[in-house]
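Novice: Going by full-length UniProt numbering, the sequence shown wraps up at 216, each residue one higher than the last.
Structure in structure tokens, see below.
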Amino acid sequence: MNLNITYKNYSSWSLRPWLLMKEFDIPFTETLLPFAHSSALSEFSADKAVPALVPILESEGMVIWDSLAIMEYLAESYADKPLWPRESKLRAVARSAAAEMHSGFSALRSECPMNCRSIKIIEPSDEVMRDLSRLASIWAFFAAQDKSEGDFLCGEFSILDAMYAPVMWRVAGYGLFVSTEFSRWSDAMRALPSMEEWYQGSLKEEWSIPKVDNIV
Ligand SMILES: N[C@@H](CCC(=O)N[C@@H](CS)C(=O)NCC(=O)O)C(=O)O
1 MNLNITYKNY SSWSLRPWLL MKEFDIPFTE TLLPFAHSSA LSEFSADKAV PALVPILESE
61 GMVIWDSLAI MEYLAESYAD KPLWPRESKL RAVARSAAAE MHSGFSALRS ECPMNCRSIK
121 IIEPSDEVMR DLSRLASIWA FFAAQDKSEG DFLCGEFSIL DAMYAPVMWR VAGYGLFVST
181 EFSRWSDAMR ALPSMEEWYQ GSLKEEWSIP KVDNIV
């Protein structure tokens, strides 16, 4: 399997399946396509007839695009691993929250883009405050669920944590606060060896995207 990603420093969507595959010991190679500095992603997309957006997984002769679709494919391919929670009710709400991240939180995503190397304190807009408040509600909801031990949203690490992984960098990187439950989750996410590996990868990159680096 080969996972096509882009900049570790900036690419929130790439982080999600990459972190999931690392945490569940799913073997893969990775190809980094720096879309703002090379035409490799648009050439790949034209060649394979898929959107010029990463992550894109190549597996079993197929080209699978979109972070959530990739993670669902992995959950089916590695059914022996609990990529989603095993318990059906918990899995249903985990899927709801994952879908909400996939289609929502537009203010947080656009005003606070992931930038692993940077820490900048901002005054959040009302729209960002609403997104943070919604995050707090989600964290309170999962804290109240019947689940296994652990600091992740469903107890043990799952696709749901991978979906929200970039939020950890956004909240930390812009000096934001969500809730104490969120902070405990954030500490657990930052302590994952694969998260440190991603961060070290981001530090080695020499590319810059000025519109992200020049925020504030
Ligand atoms: N909804 C898509 C979003 C993918 C996406 O927006 N990827 C960004 C990188 S984080 C990208 O490839 N951008 C390329 C470009 O803007 O040219 C997913 O879940 O995979």
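Built from N, CA and C at the ideal position, the CB exists for glycine as well.
Owing to the predicted nature of the structure, the values given are computational and were not obtained by experimental measurement.
1. Ordered along the chain, which non-local residues of its own chain (more than five positions away) have a Cβ less than 8 Å from that of Ala40?
2. What residue range does the alpha helix (DSSP H) around Leu160 cover?
3. Measuring from the CB of Pro55, is there a heavy atom of ligand 1 at a distance below 8 Å?
4. Is the separation between the beta-carbon of Ser179 and that of Ala144 shorter than 9 Å?
5. Tell me whether Ser202, by its Cβ, gets closer than 8 Å to a heavy atom of ligand 1.
6. Does any C-beta atom of chain C lie closer than 9 Å to the C-beta of Ser179?
7. Can you give, in chain order, each stretch of the beta strand (DSSP E) that sits fully within the region 7-70 and has at least 3 residues?
8. Would you mind giving the Cβ-Cβ distance between Ala172 and Arg16, rounded to the nearest angstrom? I have them listed as a contact below 8 Å.
9. What is the rounded straight-line gap between the Cα of Ser148 and the Cα of Phe105?
10. Looking at Cys112 and Ile215, is the spacing between their C-beta atoms short of 9 Å?
Specialist: So, to answer that:
1. Leu33, Pro34
2. 159-173
3. yes
4. no
5. no
6. The structure shown contains no chain C; it is built from a single protein chain.
7. 29-32, 56-59, 62-65
8. The pair is not a contact, with the Cβ atoms about 17 Å apart (cut-off 8 Å).
9. 27 Å
10. yes
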